Amino acid sequence: MRYSVDENGYYGQFGGAYIPEMLYPNVEELRENYLSIIGDSAFKAEFDKLLKDYVGRPTPLYFANRLSEKYGAKIYLKREDLCHTGAHKVNNTIGQIILAKKLGKQKIIAETGAGQHGVATATVCALMGMECIVYMGEIDMQRQKPNVERMRILGAEVVPAKSGSKTLKDATNEAMRHWISNPVDTHYIIGSVVGPHPYPDMVARFQSVISEEMKWQLNEEEGTEYPHYVIACVGGGSNAAGAFYHYLDEEKVNLVAVEAAGKGVDSGESAATSYLGKPGVLHGSKTLLMQTADGQVVEPYSISAGLDYPGIGPMHAHLFDTGRVKFENATDEEAMEAGVELSKLEGIIPAIESAHALAALKKMSFDASDIVVINLSGRGDKDLETYIKWGKY
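Per our numbering, the sequence shown starts with residue 21, numbered consecutively.
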């Protein structure tokens, strides 16, 4: 595949493994073994069975009739919000927990922003009987309190990250520090296509079940595997990686990634990395990230706790660099309006992350025969307090 990672862990100029010496054995152990383990028939059988019987896959590909009428195209929603735990994140955590057990690990750590990945990690740790620690920004813990309580009910310890902006970036920093201090018995379940190689490739492979299902589901509905557009929101980029994966080499399929513009891309309070970022190293890989002239990371902002990350995964940086994916952005206001619009037109309250992808519809023009798939990455239960405070419905 033209856009796949190379043998050194790079997507074009982006990727690699920029890690402290203490982590080298762990990351190298993972790099040396992940492809053979996930390619093994026993792994695949266990992974597929859990996705079917525990996660609830395949998720529906739902034709959104009223949304289609409004925007003049044939719009489908890939319902990842119907996965067990309420988001696509569990596809990856199921894969990584099986992998961790096969590597002989006893403990799991993770980071989380909106709490969706944290809940998914706590869930699979409970399922497999493994100790679980989740790092979460102190501010995110306040605005995503229901997910914090879910993690605790599931038996996980939730540790607040109190440094920096007290959001996802800082939670990731704390998780990395923990892993450096506990490199032997602990596996770090990274929740997005970020971090040192092989994480971006590994997470993308686990999430690729999304586009794999899209192809046969579209064939059943429309007689073709290929939509005209696939649209997904991007913070780190795991749901977009999964939605795009099997279409990356199909240039006739237009791929659209939607970032969080916050209060406006030039407002100083934004997370639109492709617009504001430049190449640099963050959390173990070279990618696009928002930074000052002297290389200090700029604190991101978004109303969505899952999208306020100062970088994007290296695969997405390469897709932006090559022009394979068109990057759009949506402000807080545009995303909230799109979330309420879907709620009223289709009876589905989306996660605010997913609402950013929906907001792209107003900025695009379609032919009536165009087939559009929007990856609905999560459900909005966790965001009700934010919707209520916003109040414009």
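Don't be surprised by glycine CBs; every beta carbon is placed ideally from N, CA and C. On a predicted model such as this, the values are computed, not experimentally measured, just so you know.
| query | Expressed to the nearest angstrom, what Euclidean distance is found between the alpha-carbon atoms of Glu353 and Leu81? | reply | Locating residue 353 in the sequence shown gives position 333, where the first residue counts as 1. Locating residue 81 in the sequence shown gives position 61, where the first residue counts as 1. If I take the Cα positions, the gap works out to 27 Å.
| task | Measure the C-alpha to C-alpha separation of Ser324 and Val213 and round it to an integer number of angstroms. | result | For the purposes of this step, residue 324 is taken as residue 304 along the sequence shown, with counting starting at 1. For the purposes of this step, residue 213 is taken as residue 193 along the sequence shown, with counting starting at 1. Between the alpha carbons of Ser324 and Val213 lies a distance of about 18 Å.
| said: Going by C-alpha to C-alpha distance, which of Gln237, Ala388, Val392, Val179 sits closest to Ala380? | reply: Within the sequence shown, numbered from 1, the residue matching residue 380 stands at position 360. Checked all of Gln237, Ala388, Val392, Val179; the closest Cα to Ala380 is Val392.
| Is it true that the CB of Ile129 sits closer than 7 Å to the CB of Ile153? | Here residue 153 corresponds to residue number 133 of the sequence shown, with the count starting at 1. Here residue 129 corresponds to residue number 109 of the sequence shown, with the count starting at 1. With contacts defined as CB atoms closer than 7 Å, Ile153 and Ile129 qualify as a contacting pair.
| Backbone CA spacing between Phe340 and Gly256 [nearest angstrom] | On the sequence shown, position 320 is the one that residue 340 refers to. On the sequence shown, position 236 is the one that residue 256 refers to. Rounded to whole angstroms, Phe340 to Gly256 spans 13 Å at the Cα level.
| Range covered by the alpha helix (DSSP H) that runs through Ile57 | Residue numbering aside, residue 57 sits at position 37 when the sequence shown is read from its first letter. Where Ile57 is concerned, the enclosing alpha helix (DSSP H) stretches over 44-58.
| said: Could you check whether the region 226-233 touches the region 270-285, counting it as contact only if at least three pairs of C-beta atoms, one from each stretch, sit closer than 8 Å? | reply: Segments in contact, no.
| 7 Å CB neighbourhood of Ile118 in its chain, flanking five on each side removed | The count along the sequence shown starts at 1 and reaches residue 118 at position 98. Exclusion of the five residues before and after Ile118 leaves Phe63, Glu66, Phe67 as the residues of its chain whose Cβ lies within less than 7 Å of its Cβ.
| query | Is the Cβ-Cβ distance between Pro334 and Pro320 less than 7 Å? | reply | By 1-based counting over the sequence shown, the position of residue 334 is 314. By 1-based counting over the sequence shown, the position of residue 320 is 300. In this structure, Pro320 does not lie closer than 7 Å to Pro334 by Cβ.
| Residue burial classification, Ser258 (beta-carbon count within 10 angstroms, cutoff 16) | Numbered from 1 along the sequence shown, position 238 holds the residue referred to as residue 258. With 16 or more Cβ atoms within 10 Å of its Cβ, Ser258 is classed as buried.
| Beta-carbon proximity list for Leu309, same chain, < 7 Å, skipping 5 on both sides | The count along the sequence shown starts at 1 and reaches residue 309 at position 289. Only Thr293, Gly297, Gly300, Leu302, Val317, Pro330, Gly331 meet the Cβ criterion.
| request: Measure the alpha-carbon distance for Ala224 versus Asp60 and round it to whole angstroms. | output: Position 204 of the sequence shown, counted from the start, is the residue given in the question as residue 224. Position 40 of the sequence shown, counted from the start, is the residue given in the question as residue 60. Taking the straight line joining both Cα atoms gives about 18 Å.
| query | So, using beta-carbon positions, are Leu404 and Pro370 closer together than 7 Å? | reply | Against the sequence shown, residue 404 aligns to sequence position 384. Against the sequence shown, residue 370 aligns to sequence position 350. For Leu404 and Pro370, no; Cβs fall outside 7 Å.
| field | Residue closest to Arg99, alpha-carbon to alpha-carbon, out of Met161, Arg399, Pro40 | value | By one-based count along the sequence shown, residue 99 stands at place 79. Of the candidates Met161, Arg399, Pro40, the one whose C-alpha sits nearest the C-alpha of Arg99 is Arg399.
| Leaving out five residues before and five after Gln136 in sequence, what residues of the same chain have Cβ atoms less than 6 Å from its Cβ? | By one-based count along the sequence shown, residue 136 stands at place 116. So the list reads Ala107, Lys109, Gly398, once near-sequence residues are dropped.
| query | For Glu194, which residues from the same chain have a beta carbon less than 8 Å from its beta carbon, with the 5 sequence-adjacent residues on both sides left out? | reply | Within the sequence shown, numbered from 1, the residue matching residue 194 stands at position 174. Counting only Cβ-Cβ distances below 8 Å, and skipping sequence neighbours, we find Glu131, Tyr155, Val179, Ala181, Ser183.
| Do you know how far the Cα of Glu242 is from the Cα of Asp190? | In the sequence shown, residue 190 corresponds to position 170, counting from 1. In the sequence shown, residue 242 corresponds to position 222, counting from 1. About 44 Å.
| query | Does the distance from the CB of Tyr54 to the CB of Met222 come in under 7 Å? | reply | On the sequence shown, residue 54 is found 34 positions in, with the first residue counted as 1. On the sequence shown, residue 222 is found 202 positions in, with the first residue counted as 1. Result yes, Cβ atoms of Tyr54 and Met222 sit closer than 7 Å.
| message | If you reduce the DSSP assignment to three classes, tell me which class Ser446 lands in. | response | The chain is shown only over 21 to 413; residue 446 falls outside these bounds and no answer can be derived.
| query | Closest by CA to Ala358, which one among Glu89, Phe226, Ala281, Ile372? | reply | As a working mapping, residue 358 is identified with position 338 in the sequence shown. Here the closest residue by C-alpha is Ile372.
| query | Cα separation between Gly36 and Thr143? | reply | As a working note, residue 36 is residue 16 in the sequence shown. As a working note, residue 143 is residue 123 in the sequence shown. One alpha carbon belongs to Gly36, the other to Thr143, and they sit about 30 Å apart.
| Along the chain, where does the alpha helix (DSSP H) that runs through Pro334 open and close? | In the sequence shown, counting from the first residue as 1, residue 334 sits at position 314. Looking at the DSSP string, the run of the alpha helix (DSSP H) that includes Pro334 is 334-342.
| If you draw a straight line from the C-alpha of Leu43 to the C-alpha of His104, how long is it? | The residue given as residue 43 occupies position 23 in the sequence shown. The residue given as residue 104 occupies position 84 in the sequence shown. Distance between the alpha carbons of Leu43 and His104 is about 32 Å.
| message | Can you look up Gln237 in the DSSP assignment and give me helix, strand or coil? | response | One-based indexing of the sequence shown puts residue 237 at position 217. Correct three-state label for Gln237: helix.
| said: Can you tell me where the alpha helix (DSSP H) holding Phe347 begins and where it ends? | reply: One-based indexing of the sequence shown puts residue 347 at position 327. Where Phe347 is concerned, there is no enclosing alpha helix (DSSP H), although the beta strand (DSSP E) it sits in stretches over 345-351.
| message | According to DSSP, is Tyr321 part of a helix, a strand, or is it coil? | response | Taking the first residue of the sequence shown as position 1, residue 321 is located at position 301. The answer is coil: DSSP assigns Tyr321 none of H, G, I, E or B.
| task | Take the Cβ of Arg86 as the centre, count every other Cβ of all protein chains shown within 10 Å, and call the residue buried at 16 or more, exposed below. | result | For the purposes of this step, residue 86 is taken as residue 66 along the sequence shown, with counting starting at 1. Result: exposed.
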